[in-house]
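Accompanying notes for the structure given below.
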Amino acid sequence: MTTSSLEANVEPELVKQWITELGGGPSSTVPLLQAIQGKYGYLPRKAMDLIVEHTEITGRQIYGVATFYAQFRLRPVGRYMIKVCHGTACHVQGADRLNTALRHSLNIHDEAQDTAENGSYTLENVACVGCCSQAPLMVIGKEVIGNINGAGAQKALRKHARGVQEVLPKAEKQSVNS
Amino acid sequence: MNAAALEIIIGEGTCGIAAGAVEVTEAFKAEAPTAKIRAVSCAGMCHQEVLVEVNSPKGYYKYGKVTKKEVPQILGFLLKGESQLAEEFVLVAPEVPATEANGYMTQQTRIALRNVGLLDPTSLEEYEARDGYKALRKILGLTPQEVINEVKDSGIRGRGGAGFPSHMKWSFAAAQQNDTKYLICNGDEGDPGAFMDRSLLEGDPHNVIEGMLIAAYAIGATHGYAYIRAEYPLAVKNFGLAIKSATAKGYLGNNILGSSFNFEIKIKEGAGAFVCGEETALMASIEGERGMPRRRPPFPAVKGLFGKPTIINNVETLSNLPWILNNGGKAFAAYGTEDSKGTKVFALAGAIKRGGLVEVPMGTKVGDVIYGIGGGSASGRKIKGAQLGGPSGGCIPASLFDTPIEYAALQKTGAIVGSGGMIVFDDKTCMVDLAKFFLQFTQLESCGKCTFCRIGTLRMKELLTLISEGKAKLEDLDLLEELCVKIVDNSLCALGGTAPNPVLTTLRYFKEEYIAHIVDHRCPAGKCKALITHKVIQSDCTGCSLCEKACPTDAITGEPKVAHSYQIDMAKCINCSMCVEVCKPNCILVE
Chain R
1 MTTSSLEANV EPELVKQWIT ELGGGPSSTV PLLQAIQGKY GYLPRKAMDL
51 IVEHTEITGR QIYGVATFYA QFRLRPVGRY MIKVCHGTAC HVQGADRLNT
101 ALRHSLNIHD EAQDTAENGS YTLENVACVG CCSQAPLMVI GKEVIGNING
151 AGAQKALRKH ARGVQEVLPK AEKQSVNS
Chain A
179 MNAAALEIII GEGTCGIAAG AVEVTEAFKA EAPTAKIRAV SCAGMCHQEV
229 LVEVNSPKGY YKYGKVTKKE VPQILGFLLK GESQLAEEFV LVAPEVPATE
279 ANGYMTQQTR IALRNVGLLD PTSLEEYEAR DGYKALRKIL GLTPQEVINE
329 VKDSGIRGRG GAGFPSHMKW SFAAAQQNDT KYLICNGDEG DPGAFMDRSL
379 LEGDPHNVIE GMLIAAYAIG ATHGYAYIRA EYPLAVKNFG LAIKSATAKG
429 YLGNNILGSS FNFEIKIKEG AGAFVCGEET ALMASIEGER GMPRRRPPFP
479 AVKGLFGKPT IINNVETLSN LPWILNNGGK AFAAYGTEDS KGTKVFALAG
529 AIKRGGLVEV PMGTKVGDVI YGIGGGSASG RKIKGAQLGG PSGGCIPASL
579 FDTPIEYAAL QKTGAIVGSG GMIVFDDKTC MVDLAKFFLQ FTQLESCGKC
629 TFCRIGTLRM KELLTLISEG KAKLEDLDLL EELCVKIVDN SLCALGGTAP
679 NPVLTTLRYF KEEYIAHIVD HRCPAGKCKA LITHKVIQSD CTGCSLCEKA
729 CPTDAITGEP KVAHSYQIDM AKCINCSMCV EVCKPNCILV E
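Chains as they are written, first to last, in our numbering: chain R, 1 to 178; chain A, 179 to 769.
Quick look at the structure:
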């Protein structure tokens, strides 16, 4: 499976429902984008077009806002999100090693990519989760996992994958015990 | 003894959950279904998570670092008189003297944090039982000017970073004649390494609401926004629940407690932009625009959100207000120093033994927080210094730990009180790498409006990268300093105005590390990948094979269970140091 097949199927009725609930004025731009991303994991072009078509929010404004804030992403995501915290405490305690380890487990070697080939997981860096005393840490789905090293991050990922029955991309490396 | 006699209190803040609080709660529910189990928020003793307190007929017990494994023994001890857990888990018990770890709490003076970790944040009744909304009742009998005077007496300055006297800001907005005024609670804690706002919003949301009511009453605002980071889902949830229960009880809405005072609060989830710490950028964000600052004047107090007079106060500032109104401004001013009144919350983290939230009177020495409350180094390695105030702050060396925590005194060192981030580092932290980390952050977060901030921070990041790779020249340090000065001088807002601080302070106190990278092509801390190599000290190798399993590039080979057999293929090694993390005999040399 390629990441392009992860494109969301946008339901216009749902977008119109959000507009009714959250309003269509300029100050609703951020909440509307948050609703879209909350549902689809990213901002599909079609959903943003619908907002522009049905509200007073302009294309300039919605695209400007979508590209300004760190929370929003324009590319599709895998079925589960992994967020690695890169706050100061996590950086000092070795957060970059979590990235190296997880990228290896997910077989993502192209720096420009952040989603595993099989569409299982997307690896994202976030500024700070605010759990600095548990550094370094990551968030899989909604679960915050703290005080881990690179090997621990891989173990937590395997555990999560088993729980949700995801297959991790086959890593190139042979296990020592096999 | 019956489990029904037990009240078990478990810390379920975000940090407690990260340490496994949900599993622990489930274990207690399974093993002692009749016990009363309460979830409270993070008490700020993050190094002891998961934290469990038990009120039992035997007395009060507090356990730290509990996992589900310890649950049967805790219950066995309390209910069946079996043996107690090992000493390291027992923080407070009637039969033992106060432990060292307990000193973490007793050395603090908690005003903003006074309820955090003690009450169930979803219970309005528990907040009311701890003098909740008493200050609201009090101010309804005072004039707005009397409220402002009380806050003036307290001497409190904005806790978000800028440190502007709160009463002064309020006076400007109070003086405006307008049918609509706004009060914004700034909970967009963008400083990576600070989490006091998260803890206050999660753990004591009614206190923040009461603080907002006091500020709104003083300036005559009828509409409030709580701007909370989207990365803090539990804070958004708990704060939302608190607004609902406070509205139902008549503390929010129209004719509050039968008075003519009207005030409502809406939550706005911040979408992630450090620059929104700047007031005008935050307002642009609420209005639905890119969060870009604008020129002042007009100041927000005169012309702010939607063109109306607006006051923006930080979560921690607001959290102090109910206490100040209940106890008097003078009682608050009794803490602290001439220059800096009251207490301040710090988020203590990094290479420290006991990290978490720490609230101390202003004027406390930096070293007393780090060594006294924090217990010094976690690893036993030498503490090199601390980073204060996040990306806008600076790094000070351990030799300056005698500096009192005061606005003026810290500014002299090049650091700032800021929002209260305090990250401690030992000799394994490279100062060039740390400066690069902060510049990467500010460069990404620069909104792009001012040229020097937009391009200057990028140039600085490039120079720091060259230094970290051993490719720079000594003259580049002069260029780096020149860029610092120009970015400060030519930026509209505080993001650019303070972005060079991490570089300026590391250049000032740790210049020898820059020189080691440039001249000797060496990273003394063993951090900068381009300048280090990994080598197995084979005489110490036990053949445990953990390094081989951890290595992502198959660079490590050897015979499992055969001592002295492992080696690293330099051609394949990417210097990620994952092997170092897992090596039990500590036999991988990084240099």
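Yeah, the Cβ is synthetic: ideal placement off N, Cα and C, and Gly gets one too.
Within 8 Å, strictly: CB atoms of residue i and residue j
i	j	result
G333(A)	A511(A)	yes
V325(A)	I392(A)	yes
Y687(A)	C573(A)	yes
A196(A)	L123(R)	no
P487(A)	V480(A)	yes
I252(A)	L269(A)	no
T635(A)	I665(A)	yes
A525(A)	F373(A)	yes
A313(A)	L496(A)	no
T581(A)	V544(A)	yes
E623(A)	L673(A)	yes
N99(R)	V84(R)	yes
H695(A)	S646(A)	yes
I36(R)	A47(R)	yes
E726(A)	Y744(A)	yes
L644(A)	D656(A)	no
E380(A)	A404(A)	no
Status (buried if at least 16 other CB within 10 Å, exposed otherwise) for residue i
i	result
R468(A)	buried
F342(A)	exposed
S669(A)	buried
R97(R)	buried
V184(R)	Here chain R has residues from 1 to 178 only, and residue 184(R) is not among them.
N364(A)	buried
D604(A)	buried
H109(R)	exposed
H699(A)	exposed
Y238(A)	exposed
P182(R)	In the structure as shown, chain R begins at 1 and stops at 178. Residue 182(R) is therefore absent and cannot be evaluated.
V15(R)	buried
E172(R)	Note that E172(R) scores a pLDDT of 49, beneath 50, so its modelled location is shaky; the value from the coordinates is reported in the next line. Its Cβ having fewer than 16 others within 10 Å, E172(R) is exposed.
V92(R)	buried
Q355(A)	exposed
L257(A)	buried
G339(A)	buried
L685(A)	buried
G518(A)	Note on residue identity: the sequence assigns Ser, not Gly, to residue 518(A). S518(A) comes out buried.
Cβ-Cβ separation, residue j to residue i (assumed contact under 8 Å), whole Å
i	j	result
I490(A)	E457(A)	5 Å
G448(A)	A408(A)	6 Å
G368(A)	L499(A)	23 Å between Cβ atoms; not a contact.
K522(A)	G598(A)	6 Å
D298(A)	E304(A)	5 Å
L361(A)	A399(A)	4 Å
G626(A)	G596(A)	No, G626(A) and G596(A) are not in contact; Cβ-Cβ is about 23 Å, not under 8 Å.
Start and end residues, beta strand (DSSP E) containing residue i
i	result
L361(A)	Y360 to G365
Q565(A)	I561 to L566
Y395(A)	Element bounds for Y395(A): not the beta strand (DSSP E) but the alpha helix (DSSP H), P383 to I397.
L320(A)	Note, L320(A): premise wrong, no beta strand (DSSP E); not H, not E.
R216(A)	K214 to V218
V270(A)	V268 to V270
Neighbour list for residue i in chain R, Cβ cutoff strictly below 9 Å
i	result
M461(A)	Per Cβ cutoff of 9 Å: no residues; M461(A) is ~11 Å from chain R at best.
Chain A contact residues for residue i, given Cβ-Cβ distances below 7 Å
i	result
Y69(R)	A449, G450 and A451
Chain-ordered neighbours of residue i on chain A, where CB pairs are closer than 8 Å
i	result
G163(R)	Ordered by position in chain A, no residue passes the 8 Å Cβ test against G163(R), which lies about 13 Å from the chain.
T122(R)	Neighbours of T122(R) on chain A: none; closest Cβ ~16 Å, over 8 Å.
Residue i, enclosing alpha helix (DSSP H) - first and last residue
i	result
Q654(A)	For the sequence presented, residue 654(A) should be read as Asp rather than Gln. Counting along the chain, the alpha helix (DSSP H) containing D654(A) begins and ends at E653 to D667.
N492(A)	Where N492(A) is concerned, there is no enclosing alpha helix (DSSP H), although the beta strand (DSSP E) it sits in stretches over T488 to N492.
T458(A)	E457 to I464
Y305(A)	L302 to A307
I148(R)	Unbroken run through I148(R): none, as it is neither H nor E.
S423(A)	P411 to A426
T122(R)	T122(R) -> not in any alpha helix (DSSP H); beta strand (DSSP E) instead, spanning Y121 to V126.
I186(A)	Counting along the chain, I186(A) falls outside any alpha helix (DSSP H), though it belongs to the beta strand (DSSP E) covering E185 to G189.
7 Å Cβ cut-off: residues of chain R touching residue i
i	result
I601(A)	T88, A89 and V92
T607(A)	V92
Neighbour list for residue i in chain R, Cβ cutoff strictly below 8 Å
i	result
G755(A)	Per the sequence shown, residue 755(A) should be read as Ser rather than Gly. Correct list: G94 and R97.
Closer than 7 Å: residue i CB and nearest the ligand MG heavy atom
i	result
K590(A)	The ligand MG is absent from the structure shown, which contains no ligand whatsoever.
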